[in-house]
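Numbering (full-length UniProt numbering), first residue to last: 1 to 235.
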Amino acid sequence: MAKIFTYTTLSDGRRIDFILDRGRRRNAVLAINEGRLTVRVPERFDVSQIRSFIQQHIEWIDLNLEKSAKHSGLPRTFEDGEEIRLLGQKTVITTVKSDRYFKPRIEGEKLLIAVCGSVDREYMVRQVQTFIVELANREITESMQRLTAQMGLFPKKITVKDLSASWGRCSSNGSISINYKVAAYSKAHIDYVCIHELAHLVHMDHSADFWELVGRYCPDWKKLRGSMRSDDGED
Numbered sequence: 001m002a003k004i005f006t007y008t009t010l011s012d013g014r015r016i017d018f019i020l021d022r023g024r025r026r027n028a029v030l031a032i033n034e035g036r037l038t039v040r041v042p043e044r045f046d047v048s049q050i051r052s053f054i055q056q057h058i059e060w061i062d063l064n065l066e067k068s069a070k071h072s073g074l075p076r077t078f079e080d081g082e083e084i085r086l087l088g089q090k091t092v093i094t095t096v097k098s099d100r101y102f103k104p105r106i107e108g109e110k111l112l113i114a115v116c117g118s119v120d121r122e123y124m125v126r127q128v129q130t131f132i133v134e135l136a137n138r139e140i141t142e143s144m145q146r147l148t149a150q151m152g153l154f155p156k157k158i159t160v161k162d163l164s165a166s167w168g169r170c171s172s173n174g175s176i177s178i179n180y181k182v183a184a185y186s187k188a189h190i191d192y193v194c195i196h197e198l199a200h201l202v203h204m205d206h207s208a209d210f211w212e213l214v215g216r217y218c219p220d221w222k223k224l225r226g227s228m229r230s231d232d233g234e235d
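What follows is the structure in structure tokens.
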């Protein structure tokens with residue numbers, strides 16, 4: 001079944017937002033990635049069972065949501081005033097009352113979101129998420145255009161998408177996928193991810209020859225890789 005974004009209210013009145021994933025499984029499990037909670041439950045679970053399961057594990061959820069959100073730098077609540085990270089810089093989601101809509105934009109350390117009337121969560125998620133994906137596409141495209149020319153390596157196709165467990169992937173047919181979540185990191189980090197995947201067009205492993213090629217175009221790869229590995233997976 002399709003995953004849906006939803007929420008539940010606990011006994012103390014707290015609202016917990018999460019992605020609900022119903023499927024053919026025996027037990028309910030929790031997962032946290034990029035500051036977001038996913039609750040995977042058997043198809044038979046009803047709303048009260050889901051709420052009870054979350055309530056039983058709320059201490060674990062609170063602890064790991066805090067850790068994950070701190071590392072990822074990406075939105076967790078999508079609320080006005082939430083501090084996130086874009087291109088390695090602290091950015092605060094800021095709603096602006098406006099009679100006319102304008103596309104989300106960065107001004108200083110603020111990501112400005114136009115709001116007409118009351119604030120709707122789904123609207124905030126859509127506006128912020130769309131901005132981040134567009135930012136990622138723009139930065140990755142710029143990096144790839146420059147780096148493919150420098151390295152003389154040209155992938156069959158480049159896709160920017162949500163990769164659950166890696167920053168990038170290079171397939172055997174020469175297609176490259178880059179995780180849009182690299183938008184949280186500096187341009188140097190984005191260059192490293194692109195160089196890493198382009199190098200896989202020559203070496204489909206992580207051999208000494210592979211790292212020599214990466215280092216030729218990204219001398220600081222160890223430092224950049226180390227900071228990203230502390231946050232998430234690699235290819």
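Built from N, CA and C at the ideal position, the CB exists for glycine as well.
Spatial neighbours of N173 in its own chain (CB-CB distance under 7 Å, excluding positions within 5 residues in sequence) are listed in chain order as K156. In this structure, the alpha-carbon of L147 lies about 13 Å from that of G215. Counting along the chain, L135 sits inside the alpha helix (DSSP H) bounded by residues 121 to 151. Rounded to whole angstroms, the separation of the alpha carbons of F210 and H203 is 6 Å.
Taking all protein chains shown into account, K161 has fewer than 16 neighbouring C-beta atoms within 10 Å of its C-beta and is therefore exposed. Burial state of D191 is buried, judged by a 10 Å Cβ sphere holding 16 or more other Cβ atoms. Under the three-state reduction of DSSP, V92 is assigned to strand. DSSP, read as helix, strand or coil, puts C194 in helix.
DSSP, reduced to helix, strand and coil, places F78 outside both helices and strands of the structure shown, so it counts as coil.
A residue is called buried once 16 or more other Cβ atoms fall within 10 Å of its Cβ, and C170 is buried on that count. In this structure, the straight-line span from the alpha carbon of I4 to that of D21 is close to 7 Å. Rounded to the nearest angstrom, the gap between the Cα atoms of G73 and E83 is 8 Å. DSSP places S118 outside any beta strand (DSSP E), giving it a letter other than H or E. Non-local C-beta neighbours of A28 in its own chain, meaning closer than 6 Å and more than five positions away in sequence, comprise V41, F53, ordered along the chain. Secondary structure at G226: helix, using DSSP grouped into helix, strand and coil.
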